[in-house]
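Right, one structure below, let's go through it.
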Amino acid sequence: MKAWWALLQIVMTCAFIKGSLAQSSKQPPNIIFIIADDLGWNDVGFHGSVEIPTPNIDALAYRGIILNNYYVAPLCTPSRSALMTGKYPIHTGMQHFVLLNWEARGLPLSERILPEYLKTLGYSTHAVGKWHLGFYLKEYTPEYRGFDSHVGHWTGQQDYYDHSATEEELWGLDMHRGLEPAWDVHGKYSTTFYTEEAVKIINTHGTKHNYPKKDKDTGGKAKPLFLYIAHTAVHSGNAYNPLPAPDETVDKFSYIKDYKRRRYAAILHELDVSVGKVVEALGENKMLDNSIIIFTTDNGGAAAGFDMNAASNWPLRGGKRTLWQGGTRGAALIWSPFFKKSGRVSEQFLHISDWLPTLISAVNGSTKGLHALDGFDSWRALSEDIPTDRTEALLNIDSKTNEAALISGDWKVTVGTFMNGTWDDWYGPSGLDSSYRYRLDLILKSDVSLAMDSIGHYLNRDKIHSLREKAQVKCEFKKSSLDEIDDKINLVVGPPIPCKPLVKPCLFNLKFDPCERRNLAEMFPDKLQALLNELDKHSASALPPTNLPMDPRARPALWDHTWTNFGDRTLTKHDDETCTLS
């Protein structure tokens with residue numbers, strides 16, 4: 119088996135090198151991939167909310183492509199596994215819940231992931247922030263999976279100041295440089311710290327240090343940069359300080375009456391500032407005109423107190439952890455000077471698993487050598503504004519909780535639901551209070567706008583208004599607004615019809631009902647059965663979930679109160695005697 123795997127790796131590498139030779143006449147683009155944690159659909163200004171300004175994120179979105187028909191998995195680990203592998207979580211065993219700190223597992227080492235592919239193509243690869251794909255053995259950590267460096271946290275949740283992570287009664291430091299605990303970061307706000315680290319990497323790579331550097335491994339050419347910035351924000355912190363933000367930032371949002379939402383706004387503000395600083399650094403280092411920048415959430419927002427948080431997915435249904443639109447329709451954008459058609463709202467069908475083949479295509483001019491992926495190469499489609507090859511998206515199949523959802527074209531089927539339907543509602547706030555106003559001046563004077571203006575990528579007020587209007591979700595369609603009415607449309611459009619997914623599967627037409635209010639399962643039984651058949655096909659190819667019970671060796675108390683690669687460590691006799699399951 120090992121010999122077969124080694125041979126396969128050699129063949130794939132050769133295919134990649136052959137493809138890259140066609141691109142050898144120009145410097146491959148830098149890739150800056152920014153991923154927010156638990157950001158809600160309605161938490162960015164470009165989707166219509168005026169409650170929390172996000173001027174830097176918006177300024178990038180309006181100049182690039184707003185991905186308005188883009189889907190993610192409903193939780194951190196499944197979503198990040200799809201991003202890194204180009205595969206649905208059911209094909210890596212990562213589909214059920216998240217990776218817990220005490221589990222002796224991770225994203226399977228048999229999977230080749232995005233930074234490893236890019237490293238083969240000559241990239242300098244660096245990660246800052248959250249990992250959440252395994253650490254019990256060092257081989258599962260970022261620097262053993264294709265990243266030249268990593269500073270950040272391995273687990274799913276941490277305090278923004280003391281950088282500890284908790285798991286029920288367990289507590290320990292989770293901030294690392296490579297494998298080493300980073301005690302010196304204590305007291306530094308996570309978002310600020312991760313921004314500083316990202317800017318350092320850009321500055322080291324860029325003109326401030328004689329960019330582009332020549333590298334012997336690339337035939338004397340400069341190494342392009344892949345920088346993965348995975349923020350803690352806007353995920354909640356530990357229970358003793360669930361919505362941490364600097365007091366002076368919280369004070370900026372005194373107009374928000376709800377205390378938790380006010381603190382959430384402060385966390386989001388710091389994230390937006392970070393995006394501005396990163397783009398500013400790229401501009402100062404003359405790297406913007408040869409870069410691809412992606413900003414995405416990992417899953418829908420944790421709203422209405424779920425996970426002690428206060429995101430908004432309005433007007434979409436549900437939120438984080440659910441398979442409703444609020445949990446799986448992701449806020450995202452992509453910007454690059456290489457697009458033939460940018461400054462637009464895209465309705466092209468995309469899934470987070472598409473990033474791997476799309477980015478490989480962008481830098482290699484080919485996806486030859488990629489096999490058995492669920493993701494589709496969408497680079498040309500995005501650039502030229504033509505349909506993607508994707509016709510359906512599996513949102514998840516979880517055999518442990520009997521939940522599943524699939525989108526095929528305009529149609530969506532849902533089977534089962536989370537926590538007996540406790541989180542099946544619509545969660546705000548809408549962010550449309552009449553006392554708020556959308557601050558175009560903040561967008562046009564943002565760090566992103568100043569950096570983009572310097573390379574001739576300007577933005578005007580009319581463009582902002584037009585794109586923002588197109589990017590908003592409208593729940594109801596009036597029949598009078600349709601060009602023509604046939605029997606099918608007459609059934610699709612109308613008043614709400616209840617859905618009880620614990621009793622029967624539900625069917626929605628997302629084109630006319632993006633807010634999942636009108637269950638059409640009884641009206642279109644053939645369509646329902648067709649989608650259920652598709653789910654059955656996917657289920658037949660699913661690997662069993664790889665979740666494991668608590669491993670007592672994971673206890674931070676055994677390792678100087680740190681979360682560490684416990685599978686590589688040897689317990690003393692004394693430790694072994696105290697290392698028992700609770």
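Each residue of the sequence shown is one higher than the one before, counting from 119 in our numbering. Cβ coordinates follow ideal geometry from the N, Cα and C atoms, glycine included.
If we require 4 or more residues per run, which alpha helix (DSSP H) segments fall completely within the segment 246-312? The segment 246-312 contains no whole alpha helix (DSSP H) run of 4 or more residues.
Strictly by DSSP, which residues pair up with residue 421? Beta-bridge pairing by DSSP links residue 421 to 429.
Those residues which DSSP pairs with residue 463 across a bridge: For residue 463, which the question treats as bridged, DSSP gives the partners 184.
Per DSSP, which residues does residue 166 bridge with? Please list them. Per DSSP, none; premise fails for residue 166.
When the Cα of residue 541 is compared with those of 409, 274, 436, 230, which residue comes out closest? Minimum Cα distance to residue 541 is reached at 436.
For the segment 530-546 against the segment 622-634, are there 3 or more C-beta pairs whose distance is under 8 Å? Touching, per the Cβ criterion.
Can you grab the Cα-Cα spacing for the pair residue 312 / residue 518, in whole Å? Cα to Cα, the separation comes out at about 35 Å.
Environment of residue 357 [buried if 16+ CB atoms lie within 10 Å]: Per the 10 Å Cβ criterion, exposed.
From residue 539 to residue 449, what distance separates their C-alpha atoms? Roughly 24 Å between the two C-alpha positions.
Drop a sphere of 10 angstroms on the beta-carbon of residue 301, count the other beta-carbons inside from all chains shown, and report buried for 16 or more, exposed for fewer. Flag for residue 301 reads exposed.
Give me the DSSP bridge partner(s) of residue 347. Answer is 152, 246, bridged to residue 347.
Is any non-hydrogen atom of the ligand GTP found closer than 8 Å to the C-beta of residue 686, if you look at the structure I gave you? Among the components of this structure there are no ligands whatsoever, and the ligand GTP is therefore not found.
First through last residue of the beta strand (DSSP E) which encompasses residue 414: Taken as a continuous stretch (DSSP letters only), the beta strand (DSSP E) holding residue 414 covers 409-415.
If you run the structure through DSSP and keep just helix, strand and coil, what is residue 318? Three-state DSSP puts residue 318 in a helix.
Please go through the same chain and pick out, in chain order, the residues whose beta-carbon is closer than 8 Å to the beta-carbon of residue 242, but skip the five residues on each side of it. Excluding sequence positions up to five before and after residue 242, its CB lies within less than 8 Å of the CB of 266, 323, 341, 342, 343, 344, all in the same chain and listed in chain order.
May I ask you to report which of helix, strand or coil DSSP gives residue 678? Looking at residue 678 - three-state DSSP - the assignment turns out to be coil, as it is neither helix nor strand.
Identity of the residue in 156, 251, 162, 164 nearest residue 199 by Cα: Minimum Cα distance to residue 199 is reached at 251.
Within 10 Å of its beta-carbon, does residue 393 have 16 or more other beta-carbons around it, so buried, or fewer, so exposed? By the 10 Å Cβ count, residue 393 comes out buried.
Counting only the same chain and skipping the five closest in sequence on each side, list residues whose C-beta sits under 6 Å from that of residue 176. The residues 163, 164, 561, in chain order, have a CB closer than 6 Å to that of residue 176 in the same chain once the five nearest residues on each side in sequence are set aside.
Under 9 Å between C-beta atoms of residue 470 and residue 278: Between residue 470 and residue 278, the gap from beta carbon to beta carbon reaches 9 Å or more.
Buried/exposed call for residue 307, threshold 16 Cβ in 10 Å: When all chains shown are included, residue 307 counts as buried.
Can you give the Cα-Cα distance for residue 499 and residue 589, rounded to whole angstroms? When rounded, the distance between both Cα atoms is 19 Å.
Could you work out which residue in 629, 153, 572 is closest to residue 399 when comparing CA atoms only? Of the candidates 629, 153, 572, the one whose C-alpha sits nearest the C-alpha of residue 399 is 572.
Start and end residues, beta strand (DSSP E) containing residue 624: Element bounds for residue 624: 624-627.
Have a look at residue 282 and residue 681 and give me their C-alpha separation to the nearest angstrom. It is roughly 9 Å from the alpha-carbon of residue 282 to the alpha-carbon of residue 681.
Would you say residue 248 and residue 387 are within 9 Å of each other, going by their C-beta atoms? Not in contact: residue 248 and residue 387 (Cβ atoms no closer than 9 Å).
Buried versus exposed call for residue 496 [16 or more other C-beta atoms within 10 Å across all chains shown]: Residue 496 should be labelled buried.
When you compare only the Cα positions, how much space is there between residue 683 and residue 150? Their Cα atoms are separated by approximately 28 Å.
Whole-Å CB distance - residue 649 paired with residue 223, under 8 Å assumed: So it is not a contact: roughly 32 Å between Cβ atoms.
Which residue from 153, 236, 559 puts its Cα closest to that of residue 488? When the alpha-carbon of residue 488 is set against those of 153, 236, 559, the nearest one is in 236.
Assuming contact is defined by CB atoms lying nearer than 9 Å, are residue 554 and residue 377 in contact in what I supplied? The Cβ atoms of residue 554 and residue 377 lie no closer than 9 Å to each other.
Check for me: the alpha helix (DSSP H) holding residue 374 runs from which residue to which? It is not in any alpha helix (DSSP H) - residue 374 carries neither H nor E in the DSSP assignment.
Buried or exposed for residue 447, going by 16 or more other Cβ atoms inside 10 Å? Here residue 447 is buried. Its C-beta has 16 or more other C-beta atoms within 10 Å.
Going by Cα to Cα distance, which pick from 213, 303, 579 is closest to residue 196? If we check each option's Cα against that of residue 196, 213 comes out closest.
What does the alpha-carbon distance come out to for the pair residue 451 and residue 690? The alpha-carbon atoms of residue 451 and residue 690 are separated by roughly 50 Å.
Taking the beta strand (DSSP E) that residue 530 falls in, what are its first and last residues? That run of the beta strand (DSSP E) goes 529-533.
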